Amino acid sequence: MSRLKKTALFLGDVAVLYASLAATLFIRYRGEDLSGYFNTHLLPFSLIFVVWLAVLYVGDLYKHSAFRSRGALFSSLFSSVFIAGVASVIIFYIFGGFFELTPKTNLAIFSIVFLALDYLMRSAFLGIFRSGATNIVVLGDSPLIKEAVAGLEDNPQAGYKVIRWFGNFDEGSLPSLGEIIRSGRAELVVIQPKLVADPKVIGALYDLLPLGVNLMNFSDFYETIFEKVPLEEVEEGWFVEHIAPRHPIYDRFKRLTDIIFASIGGLILLPLFVLIAVAIKLTSRGPLIYKQERIGRGGRKFTLYKFRSMTDGHAGPLWTEKNDSRITKLGRVLRFTHLDEIPQLFNVLRGDISIVGPRPEAVGLAEKYSEFPYYEIRHILPPGLTGWAQTHFRPSASMAEAWEKLRFDIYYVKNRSFVLDFLIILKTLKYFFANHD
Numbered sequence: 001m002s003r004l005k006k007t008a009l010f011l012g013d014v015a016v017l018y019a020s021l022a023a024t025l026f027i028r029y030r031g032e033d034l035s036g037y038f039n040t041h042l043l044p045f046s047l048i049f050v051v052w053l054a055v056l057y058v059g060d061l062y063k064h065s066a067f068r069s070r071g072a073l074f075s076s077l078f079s080s081v082f083i084a085g086v087a088s089v090i091i092f093y094i095f096g097g098f099f100e101l102t103p104k105t106n107l108a109i110f111s112i113v114f115l116a117l118d119y120l121m122r123s124a125f126l127g128i129f130r131s132g133a134t135n136i137v138v139l140g141d142s143p144l145i146k147e148a149v150a151g152l153e154d155n156p157q158a159g160y161k162v163i164r165w166f167g168n169f170d171e172g173s174l175p176s177l178g179e180i181i182r183s184g185r186a187e188l189v190v191i192q193p194k195l196v197a198d199p200k201v202i203g204a205l206y207d208l209l210p211l212g213v214n215l216m217n218f219s220d221f222y223e224t225i226f227e228k229v230p231l232e233e234v235e236e237g238w239f240v241e242h243i244a245p246r247h248p249i250y251d252r253f254k255r256l257t258d259i260i261f262a263s264i265g266g267l268i269l270l271p272l273f274v275l276i277a278v279a280i281k282l283t284s285r286g287p288l289i290y291k292q293e294r295i296g297r298g299g300r301k302f303t304l305y306k307f308r309s310m311t312d313g314h315a316g317p318l319w320t321e322k323n324d325s326r327i328t329k330l331g332r333v334l335r336f337t338h339l340d341e342i343p344q345l346f347n348v349l350r351g352d353i354s355i356v357g358p359r360p361e362a363v364g365l366a367e368k369y370s371e372f373p374y375y376e377i378r379h380i381l382p383p384g385l386t387g388w389a390q391t392h393f394r395p396s397a398s399m400a401e402a403w404e405k406l407r408f409d410i411y412y413v414k415n416r417s418f419v420l421d422f423l424i425i426l427k428t429l430k431y432f433f434a435n436h437d
């Protein structure tokens, strides 16, 4: 989904949240001084609304997949409203004294009103997305282009409609393309990168610009739709233009956030750390902590720490299989809950890794993956506890899956920001509780 549509949905949700609050107070206190009640509820509910918006995002309600049908939309929205409502009750229970408010009944009414109003708002967006689709013409042919065209045909709610696909586009196709553009049917022409190098094609497209058509490189279009970089389609010098350094403030603030997060997290989880340590010692022989060399920023090696979840002295494939016999019974629980990764907070404090970034690979795997083009780009940043790839893709168990994961990693490197880091953390929480390994 495009940023414009996401922004429109976000603003719509904000409007519905406040409209639902007003409707709730009207229903509950009809005939009384509503302005007083509204002023009392405004600040605490505004803070709660941040939680609601975060839950809507984590529930994938800002993705076009949520709009594939009205039934799917209602199901996703109902689940998110339920989770947000429970979270709100917990927050008011803990901080009710600070707010001087414990609105259990109002929260129940609010949740029902919001579910109804937001569903109506999003249903209207569903109709707009489908009826107001942008007509596009695609130039070029490749497996990724076929994937994109098929994906758009299966998901009209994405907001794009392919009206013509020139698979074998060449100079002879220019008259047909010109006719389509002059007719006003095409609003966007998506071009395979290799065609951009053809001066005749570019010259013809340039001549058509005054007709009001928009042009877009396929790699940029693919990235917008699928939120990953189509590495097969980008040109050799792509990184020069697209992999830009961030302002030093970003790096410094991120490091400060890492230290604060790891310090607080370590203190909170210290009792659990002790319990897990005792359980490991009682259930299996071997060291408490598993140490493994990983590749970090700049390709430098560092030691990553995890609770040991396998039998000591294990040997086997680099990739861990689903029902790997090397994993202990307690280890399965630790991996299922991701608690085996608690010691990595020490890696965060040391600066080996960040909270968010491409996951660090073992040395042996990194050597295998280094044959991928652009693989070293992921090493220009500190690796992370979690990353964009982890919120979209399970751990890789083959070279093909590692290649797919790399597309997401490079997307993060290209688009990294405070906002994206925050969204990744929210997504990670969802995957943690849903146990998406």
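Per this note's numbering, the sequence shown starts with residue 1, numbered consecutively. We put the CB at the ideal spot given by N, CA and C, even for glycine. The structure presented is a predicted model; accordingly, all values stated were derived computationally and were not measured.
- The beta carbon of Asn214 sits closer than 8 angstroms to the beta carbons of Glu187, Leu188 and Val189 from its chain, once the five residues preceding and following it are set aside; these are given in chain order.
- Under the DSSP definition of a beta bridge, Leu139 partners with Phe166 and Ile191.
- Per the C-alpha coordinates, the member of Phe49, Lys63, Lys194 and Asp60 positioned closest to Gly85 is Phe49.
- Secondary structure of Gln292 (DSSP, three-state): strand.
- For the pair Pro343 and Ile353, the CB atoms are not nearer than the 8 angstroms cut-off.
- Taking C-beta separations shorter than 6 angstroms and ignoring five residues to either side along the sequence, the partners of Ser88 in its chain run Ile48 and Leu107, following chain order.
- CA-to-CA, the gap between Leu42 and His247 works out to about 36 angstroms.
- When only Cα atoms are considered, Arg300 and Leu345 end up about 19 angstroms apart.
- Contact check between the segment 131-143 and the segment 159-177: three or more CB pairs, one atom from each, fall below 8 angstroms, which counts as touching.
- Exclusion of the five residues before and after Ile276 leaves Phe307, Leu334, Leu339 and Ile342 as the residues of its chain whose Cβ lies within less than 8 angstroms of its Cβ.
- A Cβ-Cβ contact shorter than 8 angstroms links Arg407 with Lys228.
- The three-state reading of DSSP puts Gly384 in strand, counting E and B together.
- Of the residues Met310, Ile295 and Thr311, the one whose Cα lies closest to the Cα of Leu304 is Ile295.
- Taking each of Ile410, Arg30 and Trp388 in turn and checking the Cα distance to Glu376, the smallest one comes out for Ile410.
- DSSP assignment within the segment 235-290 yields the following whole alpha helix (DSSP H) runs of 4 residues or more, N-terminal first: 238-242 and 248-283.
- Ser309 counts as buried, since no fewer than 16 other beta carbons sit within 10 angstroms of its beta carbon.
- Taken through DSSP and simplified to helix, strand or coil, Lys146 comes out as helix.
- If the five residues before and after Tyr369 are omitted, its C-beta is found closer than 6 angstroms to the C-beta atoms of Tyr375 and Ala402, all from its own chain and listed in chain order.
- Scanning Lys405, Leu349, Glu367 and Gly266 for the CA closest to the CA of Leu256 turns up Leu349.
- Looking at the DSSP output, Thr303 bridges to Glu293.
- In the DSSP assignment, Ser35 falls within the unbroken alpha helix (DSSP H) covering Leu34 to Val58.
- Counted as a single uninterrupted DSSP element, the stretch harbouring Asn155 is not any alpha helix (DSSP H), since DSSP gives it neither H nor E.
- Separation of the CB atoms of Asn217 and Pro199 is rounded to 16 angstroms, and the pair is thereby denied contact status at 8 angstroms.
- Per DSSP, the unbroken alpha helix (DSSP H) holding Met399 starts and ends at Met399 to Asn415.
- Closest in C-alpha terms to Pro230, from the list Ser173, Ala366 and Glu404, comes Glu404.
- Ser123 and Tyr18 have their C-alpha atoms spaced approximately 19 angstroms apart.
- By the Cβ test, the segment 140-151 is not in contact with the segment 170-180, since fewer than three Cβ pairs between them sit closer than 8 angstroms.
- Put simply, the backbone Cα of Arg326 is about 33 angstroms away from that of Pro373.
- For Val333, the enclosing alpha helix (DSSP H) starts and ends at Lys329 to Thr337.
- Distance from the CA atom of Phe273 to the CA atom of Thr283, rounded to whole angstroms, is 16 angstroms.
- Membership of Leu231 in any alpha helix (DSSP H) is not indicated, and neither H nor E is assigned to it by DSSP.
- The Cβ atoms of Leu144 and Glu233 lie closer than 8 angstroms to each other.
- Looking at the DSSP output, Lys161 bridges to Asn135.
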